[in-house]
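Residue numbers (UniProt numbering): 1 to 726.
C-beta: ideal position from N, C-alpha, C; glycine also.
From a predicted model like this one, the values you see are computed outputs, not experimental measurements.
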């Protein structure tokens, strides 16, 4: 374990967590009835006056905010409000929205809170695919077919109420957030240590959304060690990959041009299979913009103009498990990123002359940390990486690769399987709340929050989102395949070299436990049915739904003709809904509520030259944070808080296994009961194994000295959600 950072590494920061001063005292909770009166007073109550306009055929046009088209800026209804009051309004409004969409789905008996038993022809009428023209990948079209043109009574017209909810969410944001009452920057005196101190004060007094510990309580949050470790155990532990020869040679050529001999020595010294990369260079290609175009949002009064780059970070992983950053391209602008099948690859190996590249003064994790705190150009470059990872994680890995891909699974399966088919019975428990939650995200969370804090405009964000969906490679992302492909060999995961990557160890164990359970259930069912997977019409219909242009359009979904292929596909569906979503969702609060650690955007354009980058000071980093646009800061902190709600016992994976066991016993299914018992026993063992994996880490990530905090425990089966619940 490395020496702790000296107490003066972050000047002015006290880890003693002093009590918050009076001007950041808690505000009282908001009464729902009074809140609703306020919303009505602002013209935000659901109303017939907001019914949609008629289309060219004289029929009302129904539809959520279209992510693929430009829409006028939302009206500003509140001139100014405090940070805390805005946060409370946002929390209450979004909870009401989730409840409203849950009620809608309950009403249509889709994702119903009570059991349904529709015939397959009825389910095909109920579960219809969207046409893909709304800026999102294919998803459930919740408006019943044929009802789009009915507008003759309040019952049918009520569909339009749901499309007003986004307007309600946008209405809670004021023109200006005042610098009083809990604003995380109000006492900062323009220093990062000041922001860190306010964060500590807020957490200490459990104020507003600052109810749990976060990385800002660590004195060394900004260091190379903590920065690198987040790419192994942070919200996105899924994309760090062995660097290709082209990438390594390009960095070496660029280092040679800059005279960075120590970097070249470090690369040459590294053992084979030890140079890793976080690669966001494909952002422009994915967003469908030119290789040199700036990535930025539109400018609005409440949210300003925001920026991101297409950054690239190069790391070395030593044999003791320490990941160390060596170099960063803050914004990759070379014209050599090409799409090959489902992947974007770098096709040349020359110097990156059109891109700003900076090399770490510290070429080894064991180098002195004395200069880290005030190495402002390098700290700025790390911030650029974090902004890019925010986009890839929130939009690509989290929203698309779990929420939206799982929705495709649900719709495809509902249209393909009878309710008594074993595949349906295995998958259905892992769909709880997902469809209504996704609908709320498409109509409110993405267009009114994510879009307003991201560093891309609406069209480019939609392009990027869809690219992440259509390049999702089903079989390559099976956990054993994925880890091997990214340079984490399964046979070596227990080596010290990978001790700080418990995600990999945990996920392999979880994958095979789920797979054993699925295999046992499917094997018994097909033996009893006296049929084969290849001849199973329902399975083949599912494959067609998942691959077809009129269905999910996931062309990488496998052809399934053997039992082994079906076992893998079903395991993958459960993996996405439960362990994978848990891993990429429930750590957001710890790493992102303290906004300087992982901002959603940059508030100013990126430097255009190395000379410009090297001149940056602390004040320039402060300017890149959304301090003058409090709504951006608020949403960047609030969304991870909202999405990190603790999983209740009745909704965790252990309760699922226990209930499945009892059900199989009740119906005297001995083989099913045996499979469920084995799975439950596995989860008990994994609970202990995951704790050991966490304890084997030699990089501390939890805040020191705080009770109830620990290392990497997000995948504890007692905390692992059975489905995508939030």
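Restricting to Cα atoms, I'd like to know which of the options is closest to residue i.
| i | options | result |
| --- | --- | --- |
| residue 658 | 667, 692, 643, 678 | 678 |
| residue 208 | 83, 371, 166, 97 | 83 |
| residue 472 | 438, 503, 699, 403 | 403 |
| residue 319 | 503, 499, 487, 558 | 499 |
| residue 652 | 409, 719, 620, 689 | 719 |
| residue 249 | 583, 268, 407 | 268 |
| residue 293 | 284, 299, 398 | 284 |
| residue 454 | 381, 295, 562, 373 | 295 |
| residue 588 | 696, 94, 201, 214 | 214 |
| residue 714 | 675, 350, 526, 236 | 236 |
| residue 604 | 626, 592, 125 | 626 |
| residue 461 | 392, 672, 173, 563 | 392 |
| residue 328 | 348, 362, 306 | 362 |
| residue 557 | 280, 564, 544 | 544 |
| residue 716 | 682, 204, 569 | 682 |
| residue 452 | 281, 303, 77, 116 | 303 |
| residue 33 | 93, 110, 366 | 93 |
| residue 728 | 450, 100, 221 | Because residue 728 is not part of the residues shown, which for the chain are 1 to 726, the question remains open. |
| residue 117 | 650, 534, 421, 87 | 421 |
| residue 99 | 435, 281, 488 | 435 |
| residue 134 | 628, 271, 459, 202 | 459 |
DSSP beta-bridge partners for residue i?
| i | result |
| --- | --- |
| residue 278 | 313 |
| residue 721 | 652 |
| residue 327 | 314, 359 |
| residue 729 | Since the displayed the chain opens at 1 and closes at 726, residue 729 lies outside it and no answer follows. |
| residue 345 | 338 |
| residue 129 | 140 |
| residue 135 | DSSP lists no partner for residue 135. |
| residue 296 | 307 |
| residue 241 | 277 |
| residue 437 | According to DSSP, which records beta bridges pairwise, residue 437 is partnered with nothing at all. |
| residue 207 | 210 |
| residue 602 | 307 |
Should residue i and residue j be called a contact, given that it needs their Cβ atoms to be closer than 8 Å?
| i | j | result |
| --- | --- | --- |
| residue 633 | residue 595 | yes |
| residue 356 | residue 599 | no |
| residue 385 | residue 297 | no |
| residue 493 | residue 505 | yes |
| residue 387 | residue 602 | yes |
| residue 397 | residue 238 | yes |
| residue 464 | residue 456 | yes |
| residue 621 | residue 190 | no |
| residue 688 | residue 637 | no |
| residue 728 | residue 192 | The displayed coordinates of the chain run from 1 to 726. Any statement about residue 728 would go beyond what the structure contains. |
| residue 358 | residue 373 | no |
| residue 137 | residue 339 | no |
| residue 407 | residue 140 | yes |
| residue 539 | residue 423 | yes |
| residue 163 | residue 46 | no |
| residue 624 | residue 308 | no |
| residue 748 | residue 278 | Absent from the model: residue 748. The displayed extent of the chain is 1 to 726, so no value can be given. |
| residue 274 | residue 316 | yes |
| residue 211 | residue 503 | no |
| residue 449 | residue 142 | no |
Assuming residue i and residue j are in contact, meaning their beta carbons sit under 8 Å apart, how far apart are those beta carbons, in whole angstroms?
| i | j | result |
| --- | --- | --- |
| residue 746 | residue 509 | This structure cannot speak to residue 746, because the chain is shown only from 1 to 726. |
| residue 644 | residue 586 | 5 Å |
| residue 722 | residue 578 | 6 Å |
| residue 80 | residue 176 | 4 Å |
| residue 630 | residue 183 | 6 Å |
| residue 440 | residue 97 | 5 Å |
| residue 572 | residue 474 | 7 Å |
| residue 661 | residue 671 | Not really, about 12 Å apart at Cβ, beyond 8 Å. |
| residue 360 | residue 564 | Rounded, the Cβ-Cβ distance is 46 Å, inconsistent with contact. |
| residue 228 | residue 324 | 6 Å |
| residue 488 | residue 501 | 7 Å |
| residue 351 | residue 614 | Not confirmed; about 18 Å, so no contact. |
| residue 576 | residue 405 | 6 Å |
message: For the pair the region 324-333 and the region 479-486, tell me if three or more CB-CB distances fall below 8 Å.
response: Counting C-beta pairs closer than 8 Å gives fewer than three between the region 324-333 and the region 479-486, which falls short of the contact rule.
field: Segment contact flag, the region 407-416 with the region 695-709, C-beta cutoff 8 Å, min 3 pairs
entry: Inter-segment contact for the region 407-416 and the region 695-709 is absent: fewer than three beta-carbon pairs are separated by less than 8 Å.
- request: Check whether the region 683-698 touches the region 550-560, taking contact to mean three or more Cβ pairs, one atom from each stretch, closer than 8 Å.
  value: No, because fewer than three Cβ pairs between the region 683-698 and the region 550-560 fall closer than 8 Å, the two stretches do not touch.
field: Contact between the region 166-175 and the region 31-44 (3+ Cβ pairs under 8 Å)
entry: Flag = yes, the region 166-175 and the region 31-44 touch.
- prompt: At a cut of 8 Å, does the region 252-267 reach the region 419-434 through at least three beta carbon pairs?
  reply: The answer is no - the region 419-434 does not touch the region 252-267, with fewer than three Cβ pairs under 8 Å.
query: Looking at C-beta atoms only, is the number of pairs between the region 240-257 and the region 333-353 that lie closer than 8 Å three or more?
result: Yes, since at least three Cβ pairs between the region 240-257 and the region 333-353 fall closer than 8 Å, the two stretches touch.
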